[in-house]
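Below is one structure; the comments refer to it alone.
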Ligand SMILES: Nc1ncnc2c1ncn2[C@@H]1O[C@H](COP(=O)(O)OP(=O)(O)OP(=O)(O)O)[C@@H](O)[C@H]1O
């Protein structure tokens, strides 16, 4: 049964708890734009967890942008996801302060945005394998009728044993006609597909675009267009071609370079049609370049 049918069929139990009392909170690990995240111990299992509490006021503002649409909450979506490259969410509920919260597996690792920035040996050696793992996570989401809408290095972590994990589903929507309608321009400016920015109808290919921007950054440390901090700034270059990845990394394998560049095509019909096709290209290149791995 599809995720969506399961979601709307199931009457979920709401957990209204005082997270400070229910979990042993150790320290804050992250301050996202929408939430606070703690490293914590779950007293029931004695395991380490991440407790994410969403900011009430910001969530109200975000939900206003999806008015009239039956958008499931981040917690409702997250608990349904089951993939090795997606953080496991154990449960979700409402705090005694009426905030949404999620309890997830705790990831010991670093943000992909850190690795993109430092471009160290670890990044250079593992880049293609990170791209494949991230592609598998996205393929899983698309196969299960979701559009992520906010894929970027900030929303991805890499564990100490090189597992890629997508950690944030705050803008994810069901891939249905209502959610594909033009108009709603939520996301992270530098990673937003041209059809989203110019208010055209959208589908899962907006994620293929964001994935390609993320891969471009992983392999070069740079964005394919000059960095922009607003949609207006991105609109300035929406008709310009991206930087040529081979100019930035002349040593980069051609199959990898072409795969990324095709994912950045302005017209979604010119991009890869599916994540699977893109992953196949990366896998072929990885196996050819590193036959012993
Ligand atoms: N499961 C986890 N394990 C360890 N750290 C985590 C986990 N989930 C989130 N974090 C940390 O908390 C930070 C914020 O998390 P997240 O991106 O989910 O929040 P957000 O408010 O939705 O952020 P934004 O909207 O800015 O992307 C992450 O960058 C990461 O450092």
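Numbering (the working numbering), first residue to last: 449 to 741.
Beta carbons are placed, not taken as given, at the ideal position from N, Cα and C, and that holds for glycine.
What residue does the beta strand (DSSP E) around residue i start on, and which one ends it?
i: residue 688; result: Counting along the chain, residue 688 falls outside any beta strand (DSSP E), and DSSP gives it neither H nor E.
i: residue 508; result: Unbroken run through residue 508 is the alpha helix (DSSP H), 504 to 512; no beta strand (DSSP E).
i: residue 472; result: 472 to 479
i: residue 607; result: 604 to 607
i: residue 743; result: A question about residue 743 goes unanswered here, because the residues of the chain that appear run from 449 up to 741.
i: residue 557; result: 557 to 559
Residues bridged to residue i by DSSP?
i: residue 657; result: Answer is none; residue 657 lacks a bridge partner.
i: residue 622; result: 594
i: residue 495; result: 490
i: residue 534; result: 614
i: residue 548; result: 542
i: residue 485; result: 478, 500
i: residue 464; result: 542
i: residue 553; result: 497
What are the boundary residues of the alpha helix (DSSP H) that residue i is part of?
i: residue 629; result: Note, residue 629: premise wrong, no alpha helix (DSSP H); not H, not E.
i: residue 735; result: 723 to 737
i: residue 706; result: 702 to 711
i: residue 523; result: 522 to 526
i: residue 643; result: 642 to 645
How should residue i be labelled, buried or exposed, when 16 other C-beta atoms within 10 angstroms of its C-beta is the threshold for buried?
i: residue 613; result: buried
i: residue 702; result: exposed
i: residue 756; result: As shown, the chain starts at 449 and ends at 741. That puts residue 756 outside it, with no answer to give.
i: residue 616; result: buried
i: residue 719; result: buried
i: residue 474; result: exposed
i: residue 530; result: exposed
i: residue 544; result: exposed
i: residue 741; result: exposed
i: residue 492; result: exposed
i: residue 736; result: exposed
i: residue 705; result: buried
i: residue 548; result: buried
i: residue 732; result: exposed
i: residue 466; result: exposed
i: residue 607; result: exposed
i: residue 505; result: exposed
i: residue 713; result: buried
i: residue 516; result: exposed
i: residue 469; result: exposed
i: residue 487; result: buried
i: residue 675; result: exposed
i: residue 429; result: Past the edges of the chain, shown from 449 to 741, lies residue 429, and the structure says nothing about it.
Could you check if residue i belongs to the surroundings of ligand 2, using beta carbon to heavy atom distance under 6 Å?
i: residue 715; result: You won't find ligand 2 in this model; what it holds is ligand 1.
Contact the segment 576 to 583 vs the segment 504 to 524: 3+ CB pairs below 8 Å
No contact exists between the segment 576 to 583 and the segment 504 to 524.
For the pair the segment 564 to 575 and the segment 535 to 542, tell me if three or more CB-CB distances fall below 8 Å.
With the cut-off at 8 Å, the segment 564 to 575 and the segment 535 to 542 do not touch.
Flag this pair as touching only if the segment 627 to 639 and the segment 594 to 602 have three or more C-beta atom pairs under 8 Å; answer yes or no.
In short, these stretches touch, since the Cβ pair count reaches three.
Three or more C-beta pairs closer than 8 Å, one from the segment 664 to 671 and one from the segment 687 to 705: is that the case here?
Segments in contact, yes.
Is the segment 548 to 562 touching the segment 625 to 633, taking contact as three or more C-beta pairs under 8 Å?
The answer is no - the segment 625 to 633 does not touch the segment 548 to 562, with fewer than three Cβ pairs under 8 Å.
Measuring CB atoms only, is the segment 717 to 727 touching the segment 582 to 589, in the sense that at least three cross pairs come out at less than 8 Å?
With a cut-off of 8 Å, the segment 582 to 589 and the segment 717 to 727 count as touching, because enough Cβ pairs lie within range.
Does the count of Cβ pairs from the segment 669 to 688 and the segment 602 to 612 closer than 8 Å reach three?
Taking 8 Å as the limit for Cβ pairs, the verdict is that the segment 602 to 612 does not touch the segment 669 to 688.
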